[in-house]
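Residue numbers (numbering that gives the first Met the number 0), protein chains in the order written: chain A, 0 to 295; chain B, 0 to 513; chain C, 0 to 313.
Glycine is no exception: its CB is placed at the ideal position from the N, C-alpha and C atoms.
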Amino acid sequence: MDTSTRASVFADPAPAVSDRRWDALRRAARARLAPFGAAVLLAAIVVALAAPLLSPYDPLAQDLGNVLARPGRGHWLGTDNVGRDVLSRVIWGTRVSLVAGFVSVAIAAAAGSVLGMLAGYAGGRADGVVMRLMDAVLSLPPLVLALALGAVLGAGLTGVLLALGVVYTPAFARLMRGQVLSVKTRDYVEAARALGASGWWIARRHVLPNAATPIVVQASLSVAFAILAEASLSFLGLGIQPPAASWGSMINAGRGYLQQAPWIVFGPGAALFVTVVGLNFVGDAIRDGLDPRLRG
Amino acid sequence: MVTRRDFVKSCAVASGAAVVGLRPGAAAAADAPKKGGTLRVGFYIEAATMDPHLSGSKVDRQVYHNIYEPLVTLDTRLGIKPGLAESWSQPDPKTLVFKLRRGVKFHDGTDFNAEAAKFNFDRMKTEPKSIRKGEVANIDTVEVVDAATIKVNLKKADASLLATLTDRAGMMISPKVVQERGVELGRNAKGAGTGPFEFVEWVKDDHLLIKRNESYWNKQGGPYLERVRYRPIPDDTVKLQSLQGGEIDVIDYVQPRDVAAVKTDKNVMVVDVPSLADFAYQLNHGRPPFNVKALRQAVAYAIDLEQIVKGVWLNVGYPANGPIPPTSWAYDKAIPPIKRDLAKVKARLAEGGKPGGFEFTMTTNNIPLSVQEAEVIQAQLREAGITMKIRLVDASTLIFDGNAKNFEMISFQWSGRPDPDGNVYQFFKTTPGTSFNWSGISHPPLDALLDRSREVSAQAERKKIFSEVTKILQDELPMIFIVHPIEPKAFSQRVQGYEAIPDGMMRFKDVWLK
Amino acid sequence: MAEVVLRRLLATVPVLLLVTAGVFALLHLTPGDPVDAMMAESADASTKESLRRELGLDRPIAEQYAAWMGRLLRGDLGRSIRNGEPVLENVSRRIRPSLQLALLAMAIALTIAFPVAIASAVRHNTGVDRLGTTFALFGICMPNFLLALLLIFVFGVTLRWLPISGYLDPLEEGWSGLRSLILPAVTLGLALAAVITRTLRSSLLEALAEDYVRTARAKGLSEWVVIRGHVLKNALIPVVTVLGLQLGTLIGGAVITEYVFALPGIGRLVVDAVFARDYPLVQGVILLIALGFIVSNLLVDLLYGYIDPRIRLR
Chain A
0 MDTSTRASVF
10 ADPAPAVSDR
20 RWDALRRAAR
30 ARLAPFGAAV
40 LLAAIVVALA
50 APLLSPYDPL
60 AQDLGNVLAR
70 PGRGHWLGTD
80 NVGRDVLSRV
90 IWGTRVSLVA
100 GFVSVAIAAA
110 AGSVLGMLAG
120 YAGGRADGVV
130 MRLMDAVLSL
140 PPLVLALALG
150 AVLGAGLTGV
160 LLALGVVYTP
170 AFARLMRGQV
180 LSVKTRDYVE
190 AARALGASGW
200 WIARRHVLPN
210 AATPIVVQAS
220 LSVAFAILAE
230 ASLSFLGLGI
240 QPPAASWGSM
250 INAGRGYLQQ
260 APWIVFGPGA
270 ALFVTVVGLN
280 FVGDAIRDGL
290 DPRLRG
Chain B
0 MVTRRDFVKS
10 CAVASGAAVV
20 GLRPGAAAAA
30 DAPKKGGTLR
40 VGFYIEAATM
50 DPHLSGSKVD
60 RQVYHNIYEP
70 LVTLDTRLGI
80 KPGLAESWSQ
90 PDPKTLVFKL
100 RRGVKFHDGT
110 DFNAEAAKFN
120 FDRMKTEPKS
130 IRKGEVANID
140 TVEVVDAATI
150 KVNLKKADAS
160 LLATLTDRAG
170 MMISPKVVQE
180 RGVELGRNAK
190 GAGTGPFEFV
200 EWVKDDHLLI
210 KRNESYWNKQ
220 GGPYLERVRY
230 RPIPDDTVKL
240 QSLQGGEIDV
250 IDYVQPRDVA
260 AVKTDKNVMV
270 VDVPSLADFA
280 YQLNHGRPPF
290 NVKALRQAVA
300 YAIDLEQIVK
310 GVWLNVGYPA
320 NGPIPPTSWA
330 YDKAIPPIKR
340 DLAKVKARLA
350 EGGKPGGFEF
360 TMTTNNIPLS
370 VQEAEVIQAQ
380 LREAGITMKI
390 RLVDASTLIF
400 DGNAKNFEMI
410 SFQWSGRPDP
420 DGNVYQFFKT
430 TPGTSFNWSG
440 ISHPPLDALL
450 DRSREVSAQA
460 ERKKIFSEVT
470 KILQDELPMI
480 FIVHPIEPKA
490 FSQRVQGYEA
500 IPDGMMRFKD
510 VWLK
Chain C
0 MAEVVLRRLL
10 ATVPVLLLVT
20 AGVFALLHLT
30 PGDPVDAMMA
40 ESADASTKES
50 LRRELGLDRP
60 IAEQYAAWMG
70 RLLRGDLGRS
80 IRNGEPVLEN
90 VSRRIRPSLQ
100 LALLAMAIAL
110 TIAFPVAIAS
120 AVRHNTGVDR
130 LGTTFALFGI
140 CMPNFLLALL
150 LIFVFGVTLR
160 WLPISGYLDP
170 LEEGWSGLRS
180 LILPAVTLGL
190 ALAAVITRTL
200 RSSLLEALAE
210 DYVRTARAKG
220 LSEWVVIRGH
230 VLKNALIPVV
240 TVLGLQLGTL
250 IGGAVITEYV
260 FALPGIGRLV
270 VDAVFARDYP
280 LVQGVILLIA
290 LGFIVSNLLV
300 DLLYGYIDPR
310 IRLR
């Protein structure tokens, strides 16, 4: 077999990936509300990175003489129950939320993709085992699972990231497996395999690029939910350790002061809501851009 | 620093004024007790069992003190007064003789007598699941002298036993009910007690109902209420708002953060009940850094108790000088709580070999108040050059780590006992194995004092011993004592006649609804 | 058909095994055990030891799991360590509030979602549509604990119209019971409405683009008749799917809502049991929840296949 024939068989029948990506970007940009979403995401990233510069006070600085102060000149979002500036804590909390969102989804996407590819390729028993495992994780209420994992992994952000990673892995695993299965049966792949191409090579050349799209879509939609999930876990008392601030733990701590000092709850609450909405817009835009068929 | 005036005032609220009705100054004659009505009570968790011998939870006791009665009971100054036992005497240090009240019947109609009392003590000691075993460990045998007299033989002299018998360990259950119902007693206590109220029903997670005992032996005063209905409301905010909204009449605890606001609410009355509790942090003497006494003292001097009680507890509590609360006769107000002194911190750090400061981890409960306190302490220590990390765990893990001595500094909240021994002995006596001596302190002079405090029966002398103990504790620091919390209880305006006893138990015998 | 169902059910057995084994392992890896939690105020080591022995907690983990499995196969889910009652009894007591909450939330969700989704689909790409999609988006993005606190703040604290304390059974207490469920049901219902709105709107749009619809329009039928007569039925399929899946989530997963509103439901039962290390209760409830989830998935798939022969299960 000469190399030219091999190359042509292995040639990608779909248009070059880079072309598609450019189209995608253009479509995404046209999606309604995308600019708003992008602005929010950008703002969140900037705030997270520049927290030390933007934050008017040290988020840990307590002032027991000025607790539960109303929002006003000195403190735009008031102070909390130990006199800390709420605005500063909301600003610093952006870091926690963004890290929680992106890192946990990254973990889930990576783990899920590996598992999905394994299942799709190996087939048979391995496939069965992996998918049963994923079903098992899915059939548990996510919060309970995260709680139990968190209790074992110990308190702290790392525990939360791992717990959330586990909770979101099945979605990616299923996605990847589906991709592998559909690509596996395509003619050019069969041919490639007949010619002796290794599974690994096929995966890199055909599966991954095709799977990239739905994985990215899923990931972008998941980040917003991961941020919500971290907030929920912090709300229940797991997650970020004091005195560090996370929007969820601030809302939890502020719950008891709802009547006297609602700003402790609604300051971080508003930040959480706006960020999640913005991320959702971005996620929708990405989805619309990359896969117009999915558009609602 | 708690001034004498403050303390006396609070006791006055707790004892004197309360009997008149809840507003100091309200004329007693204006309102004569009325019979009838259902008192709706909100507690923070569901009761666990209706069997006092098997009970380990504080909420259970609240119900018990209304349907069961102990041999002896507490007055508002923590003195011991007669309960089901009319009188008692101590012929020698190892013998207690109780003369029991005659004519008392259990709710099921059977008689309360010496046989029944003996039955109860035997059950506490021999029932496999009995949680009272430790409390009655010093009791050797109980003899029936006659139908209304029992003789309790002790293994060693124990001056704290009487106080222990004012709670679950002294409560009398009908032997007939125990024999007939066995394990079911945990869920159904019909006919089992002798108290002013009797058990009606318990619908778990919903409510527990008790009703007036029409044939209660004590004809003085109540019971006036027709029924009392307990509801578990785990959320403090919801509980308070239920009270303010008129859905319930009584709550057992108001969070410090809500106290000031609730006191201005005209629909609600707040009674500050100084408790027996002591809240502290245990320091692990068995591992670095707190195996070094100087470093323990450094932390103690770096903490500002006044600021914590003022800023975190909002003065709903007293800075602690040791494990014994101000409500106790054994409290020594001449010993001040440890005062913050940054100069002394420096000196101790140097002495302990860490002149530049050091780092450690504090393990504490993930409830809001504990978290807040930890954060404040962290900031205070930071100023003194000591770095403290906070590790939040849930209650089960906390207990586990404490018992396993897997901590450096750990939160410890003891609800307190009427006798000072209950706040002291088991925490500081040298004890191998698992015990509440989480710090692992082993200090022979302290051990000797603790043992003596049980042998001696004269209060004045015991008080001197406990003062010595407190001084040693402030030096050796198995625990850093923070606060003796006040447990504010809140009532709707209709509730009259509540008498606050520092053990925090809500007894409704003489309570009535306007 | 029966064979398919049976095969699916059998396939769930290994899943359930994995779930229960996983939960078992997780629980026993967490520090602390139920005896410590129950006897928090007593350090009596000997009583604790004998309690542990009686509960079988001193056995190796594998043996405990096997014992639990054995009892399970005989139909015995065990007893809660905390209150000594059979797990099934604990669950049946707590399932009522959860079910009522879930059903009420669904009712609220459907009442909101249908008009909004239909209006959005019919007035596609107009202001109404934008409003509808925005509402749906906000509903999905709003953290439910925040929404709960918001509702409490407005209706409970400021206006004082509705109770925020605990639970009264509507079947027994009628209107008061319903009032106690309104705020939590709205919290859950709004989020659910958002999801349903999205699904219904997109499936309506898809259905509206079908040929037979164009024919109907060409025949001169009004938009509304078209939708009611032809489109709605088909568009409902994905909605049914969503509802079916959400029911499982609503019951077992409304943990936060139950916490914030102090409702004695299943979600809180599990979480409290985890905190108290009440192993049999956690195991039993998780098993039931997982089972319920799997069964409802199966039912939805079957229903789906029944309605739309194109998607019949193979």
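DSSP state of residue i mapped onto helix, strand, coil
{"i": "residue 455(B)", "result": "coil"}
{"i": "residue 119(B)", "result": "helix"}
{"i": "residue 215(B)", "result": "coil"}
{"i": "residue 364(B)", "result": "strand"}
{"i": "residue 280(B)", "result": "strand"}
{"i": "residue 261(C)", "result": "coil"}
{"i": "residue 411(B)", "result": "strand"}
{"i": "residue 280(A)", "result": "helix"}
{"i": "residue 14(A)", "result": "Confidence at residue 14(A) is low in this model, with a pLDDT of 39, below 50, so its placement is unreliable and the value that follows should be read with caution. Coil, per DSSP."}
{"i": "residue 1(B)", "result": "Because residue 1(B) sits at a pLDDT of 38, beneath the cut-off of 50, its placement in the model cannot be relied upon, and the following sentence gives the value as read from the coordinates. Residue 1(B): coil per DSSP, three-state reduction."}
{"i": "residue 263(B)", "result": "coil"}
{"i": "residue 130(A)", "result": "helix"}
{"i": "residue 311(B)", "result": "coil"}
{"i": "residue 81(B)", "result": "strand"}
{"i": "residue 72(A)", "result": "coil"}
{"i": "residue 200(A)", "result": "helix"}
{"i": "residue 139(B)", "result": "strand"}
{"i": "residue 229(B)", "result": "strand"}
{"i": "residue 357(B)", "result": "coil"}
{"i": "residue 262(A)", "result": "helix"}
{"i": "residue 26(B)", "result": "Bear in mind that a pLDDT of 40 at residue 26(B), under 50, signals an unreliable position, so the model cannot answer this."}
Under 8 Å between C-beta atoms of residue i and residue j
{"i": "residue 65(C)", "j": "residue 191(C)", "result": "no"}
{"i": "residue 493(B)", "j": "residue 508(B)", "result": "no"}
{"i": "residue 194(B)", "j": "residue 337(B)", "result": "no"}
{"i": "residue 294(B)", "j": "residue 165(B)", "result": "no"}
{"i": "residue 282(C)", "j": "residue 22(C)", "result": "yes"}
{"i": "residue 290(C)", "j": "residue 15(C)", "result": "yes"}
{"i": "residue 225(B)", "j": "residue 36(B)", "result": "yes"}
{"i": "residue 279(C)", "j": "residue 77(C)", "result": "yes"}
{"i": "residue 398(B)", "j": "residue 373(B)", "result": "no"}
{"i": "residue 276(B)", "j": "residue 52(B)", "result": "no"}
Sheet register partners of residue i (DSSP bridge)
{"i": "residue 87(B)", "result": "97(B)"}
{"i": "residue 391(B)", "result": "363(B)"}
{"i": "residue 317(B)", "result": "483(B)"}
{"i": "residue 170(B)", "result": "69(B)"}
Host alpha helix (DSSP H) of residue i (start-end)
{"i": "residue 141(A)", "result": "141 to 152"}
{"i": "residue 19(C)", "result": "1 to 28"}
{"i": "residue 195(C)", "result": "174 to 207"}
{"i": "residue 167(C)", "result": "Element bounds for residue 167(C): n/a, residue is neither H nor E."}
{"i": "residue 149(B)", "result": "Per DSSP, residue 149(B) belongs to no alpha helix (DSSP H); it is in the beta strand (DSSP E), 148 to 153."}
Range of the contiguous beta strand (DSSP E) that encloses residue i
{"i": "residue 204(A)", "result": "It is not in any beta strand (DSSP E) - residue 204(A) carries neither H nor E in the DSSP assignment."}
{"i": "residue 399(B)", "result": "Where residue 399(B) is concerned, there is no enclosing beta strand (DSSP E), although the alpha helix (DSSP H) it sits in stretches over 394 to 402."}
{"i": "residue 435(B)", "result": "Where residue 435(B) is concerned, there is no enclosing beta strand (DSSP E), given that its DSSP letter is neither H nor E."}
{"i": "residue 480(B)", "result": "478 to 491"}
{"i": "residue 271(B)", "result": "267 to 273"}
Practice problem: Count the C-beta pairs between the stretch 303 to 315 of chain B and the stretch 350 to 364 of chain B that are closer than 8 Å, then say yes if the count reaches three, no if not. | Solution: no
Quiz item: If you pair each beta-carbon of the stretch 257 to 275 of chain B with each one of the stretch 232 to 247 of chain B, do three or more pairs fall below 8 Å?
Solution: yes
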